[in-house]
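For the record, the sequence lines run as chains Z and A.
Read in order, the letters of the first sequence are residues 539 to 769 in my numbering.
Read in order, the letters of the second sequence are residues 539 to 769 in my numbering.
Backbone N, C-alpha and C fix where the C-beta goes; we use that ideal spot for every residue, glycine too.
Protein chains: 2
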Amino acid sequence: MSSLRDFQARHDLSMEALCARILERHAATIRVKKPAVAIANLARIVETTLMLANRKGFHSTSLRDLTEQSGLSMGALYAYFDSKDTLLMMILGQVVGVVEEVLGHPPDGLANDPAARLRWLLRTHLFLTETMHPWFVFAYMEAKAFPKDGRDLAVSSEMMTEGMIANALADGVARGLCAVPDVTMAAALIKPMLQDWYVKRAKHRRRGITPDLYAEQLIAFVEAAVGLRRA
Amino acid sequence: MSSLRDFQARHDLSMEALCARILERHAATIRVKKPAVAIANLARIVETTLMLANRKGFHSTSLRDLTEQSGLSMGALYAYFDSKDTLLMMILGQVVGVVEEVLGHPPDGLANDPAARLRWLLRTHLFLTETMHPWFVFAYMEAKAFPKDGRDLAVSSEMMTEGMIANALADGVARGLCAVPDVTMAAALIKPMLQDWYVKRAKHRRRGITPDLYAEQLIAFVEAAVGLRRA
DNA sequence: AGATATAAAGCGAGCGCTCGCTCGATTTTT
DNA sequence: AAAAATCGAGCGAGCGCTCGCTTTATATCT
C-alpha cells in the first residue's frame, strides 16, 4: 500500500513548482518579465503570506508585515499582484488546481474496484493536504471571508471531491460490496474527517498520529461504517 | 427518541436568557445599571454582531457597522464592553458555558448504558448547535484569530466534548458492546462530523437534511463504524 | 400633583493611528 | 544607455476608541 513518501516522490509539489504554475496563470497581472526572478520572488511572497496568515489571519496580516518578513518592498510586491485580494486568489486558485489535478486522475487499475478507489481517494487526499499543509489551512480558513469568486471556487472544489467519494460508494453499492442508505450523506460525513487532518493537525501530532497512521485508521473507520470488508 | 423540539422545550436558549447570563458574567465591565435595559441592549448588540461577523468576519466588521445595524451609538456600545476583543470574549465565553452546562449533565439513566449515552451526546450536540447556530459558527470561525485566552478556551472546550465521546466508547469496549482499536482516535474522527452540521449547514439544508435526519444518519454511521448493534 | 434635582443612559464628532495602495526616484541587469 | 526591477515616503480612507455634552428616567421636596 502506497505511503506518504511514495506520494511525494510521484508529485512535484515544491514551492518553486507551485509558483511556476501561479506565474503561468497570472502572467497578465505579474509585471516582472524574467521567469526565474518572478518565480523566486513569488515563492518568497507566498511562503511569507502563508506563514503570517495562518498565524493571525489574512485580513489581520498587513502589507507592511509582508514587506518586513519577505524582504521585498511595497512597490516590488505590487509588481506581482494588483491588490491584496488578488494575492489571496492566487493561492486559493493554486490549491483548487492541484486538488483537481491530483485527485481527478486515479490510477487506471482502480476503475473497476470501488473499494480500492475509495481507499486511494482517502489516502491521496490526506497525503496531498499533508504535503501542502499551509496552503490548505489557508484556503479553508480564509475562503469564506473573501470575494464571491473565491467562495464559489472553494465550494465547487469541495463538492467535486465529495462527489468522487459518493461515486466510489455508489459504485460499491451497485456491485453489492457494501450497503449505504444514502451515498451523498455518507460522503458528506466522510469529508470533514479528511479535513480534520489538516485543520487540527497540531492536535493529532501531539498524540503521535502520523499521516500514514491517520490514513490507516480513517480508512478502517470508514470501511466499517459503510459495511465494506477490509482489503 | 428525543427530537429537536423536545430539546428546545427543555432548555431556555433564547437570546434574552443567554444575554442575562452574559450580564452576570461581565457585571464588572458593563456600566449600565438596570438589568432590564442592559439585557435588552446586549441582545441587540450580540444579535447584530453575530449577523455581521458571520457574514464577513468579526475583524472586518467595524464598530461603525455595528452602530448602524444595532441602532445604538458608539458611546452606548462602550457602556457594554471596554474593547472589541471583550465583545468577542463575551460571545465565546457564553458558547463554552452553555456547552459545558448542556452536555456536561447527561440524564441519570444513561450512566450504565454507554450506547445510549453516545447517542445522547451526538444528538444533544447537534440539537444544541442547531438551536444556537450563529453562536457556534462565530466561535468556530473566530476563536483562532483572537486573544490567547479565547483560543485556549475554545481548545479546552473541544477537548472536553471529545473526551466525553471517548469515555462513552471506552465504557462500551469495557462492557464488550463494541470493538474500537483506539477510542481517542475514534472520538477525534467523530467530532468533525458533529461540527460539520453547523459549519456547512447551508449545504445540508439545500439537500433537505433536517437536524433530526442528520442525527439519525450520523448515529447510524458511527454505530456501524465502532461496531455497536443498533438500538 | 407638579416642580425640581440627581443619576443613568445615550450620543457622535473627533483623536491618533494603521491600512491598502501609488508613483517618481533609484538601483541593477542587459 | 536603455530596460527591468526595486524602493519607500506619502496619500486618503477607515479603524478602534474617548469624552464633553444632551436626553431620559427616577428620587425628593413642597
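Check your understanding: Touching or not, the stretch 656-672 of chain A and the stretch 543-550 of chain A, by the rule of three or more beta carbon pairs under 8 angstroms?
Key -> yes
Practice item. Specify the secondary structure class of A/K572 as computed by DSSP and reduced to three states. Key: coil
Review point. How many Å lie between A/T748 and Z/L604 at the Cα?
Key: 44 angstroms
Check your understanding: What separation, rounded to the nearest whole angstrom, lies between the Cα atoms of A/P644 and A/M702?
Key -> 10 angstroms
Check your understanding: What number of angstroms, rounded off, separates the C-alpha of Z/D750 from the C-alpha of Z/Y736?
Key -> 13 angstroms
**Study point:** Closest residue to Z/L556 among Z/S611, Z/Q632 and Z/G613 (Cα-Cα distance)
**Key:** Z/Q632
**Study point:** Proximity winner among A/L756, A/H564 and A/T624, relative to A/P685 (alpha-carbon distances)
**Key:** A/T624
Exercise for review: Can you give me, in chain order, the residues of the stretch 588-606 of chain A that have a beta carbon less than 8 angstroms from any beta carbon in chain Z?
Suggested key: K594, G595, H597 and S598
**Study point:** Cβ neighbours of A/V711 in the same chain (closer than 8 angstroms, five flanking residues each side left out)
**Key:** A717, V718 and V721
Exercise for review: Could you list which residues in chain Z have their beta carbon closer than 8 angstroms to that of A/D734, in chain order?
Suggested key: A726, L727, K729 and P730
Point to revise | Boundaries (first-last residue) of the alpha helix (DSSP H) holding A/M723 | key: V721 to V737
**Study point:** Closer than 9 angstroms at the beta carbon, the chain Z residues around A/F665
**Key:** Chain Z residues near A/F665: none, gap ~18 angstroms exceeds 9 angstroms.
**Study point:** Cβ-Cβ distance between A/E554 and A/I577 below 8 angstroms
**Key:** yes
Practice item. In the DSSP assignment, find the unbroken alpha helix (DSSP H) run with A/F665 in it and report its ends. Key: P652 to T669
Practice item. Report yes if the C-beta of A/M731 is less than 7 angstroms from at least one heavy atom of the ligand MN; otherwise report no. Key: The ligand MN is not part of the structure shown, which contains no ligands of any sort.
Exercise for review: Specify, as a first and last residue, the run of the alpha helix (DSSP H) that Z/I747 falls within.
Suggested key: Per DSSP, Z/I747 belongs to no alpha helix (DSSP H) and is neither H nor E.
Check your understanding: Is the number of C-beta pairs between the stretch 611-626 of chain A and the stretch 580-599 of chain A that are closer than 8 angstroms three or more?
Key -> yes
Point to revise | Min CB distance A/D720 to chain Z below 8 angstroms | key: yes
Check your understanding: In terms of alpha-carbon separation, which member of Z/S598, Z/L659, Z/A566 and Z/A617 lies closest to Z/N579?
Key -> Z/A617
Exercise for review: To the nearest angstrom, report how far apart A/A740 and Z/A726 are at their CA atoms.
Suggested key: 13 angstroms
Check your understanding: Exposed or buried, what is A/K729 when buried is set at 16 or more other beta-carbons lying within 10 Å of its beta-carbon?
Key -> buried
Check your understanding: What residues from the stretch 697-715 of chain A come within 8 angstroms of chain Z, judged by C-beta to C-beta, listed N to C?
Key -> none
Practice item. Flag Z/R739 as yes if its beta-carbon sits less than 8 angstroms from any beta-carbon of chain A, otherwise no. Key: no
**Study point:** Whole runs of the alpha helix (DSSP H) within the stretch 571-614 of chain Z, excluding any shorter than 4 residues
**Key:** 573-594 and 601-608
**Study point:** chain A contact for Z/A681 (CB, 8 angstroms cutoff)
**Key:** no
Exercise for review: Indicate the three-state DSSP secondary structure (helix, strand or coil) for A/H742 in the structure shown.
Suggested key: helix
Practice item. Could you tell me the boundaries of the alpha helix (DSSP H) in which A/T624 lies? Key: K622 to L641
Review point. Z/G647 touches chain A at which residues, Cβ-Cβ below 7 angstroms?
Key: Simply none; closest approach about 27 angstroms.
Check your understanding: Going by the CB atoms, is the gap between A/L660 and A/L551 shorter than 8 angstroms?
Key -> no
**Study point:** Residue burial classification, Z/D709 (beta-carbon count within 10 angstroms, cutoff 16)
**Key:** buried
Review point. Looking only at its own chain, which residues have a Cβ that is under 6 angstroms from the Cβ of A/L691, when we skip the five neighbours before and after it?
Key: V634
Review point. If we cut at 8 angstroms on Cβ distances, does Z/M628 have a partner in chain A?
Key: no
Check your understanding: Buried or exposed: which applies to A/S621, given that a residue is buried once 16 or more other Cβ atoms fall within 10 Å of its Cβ?
Key -> exposed
Point to revise | Residues near Z/N592 by beta carbon distance below 8 angstroms, same chain, minus five either side | key: P672, V675, F676 and M679
Exercise for review: Measure the Cβ-Cβ separation of A/A653 and A/L732 and say whether it is below 8 angstroms.
Suggested key: no
Review point. Short check: CB of Z/A683 to CB of A/S540, under 8 angstroms?
Key: no
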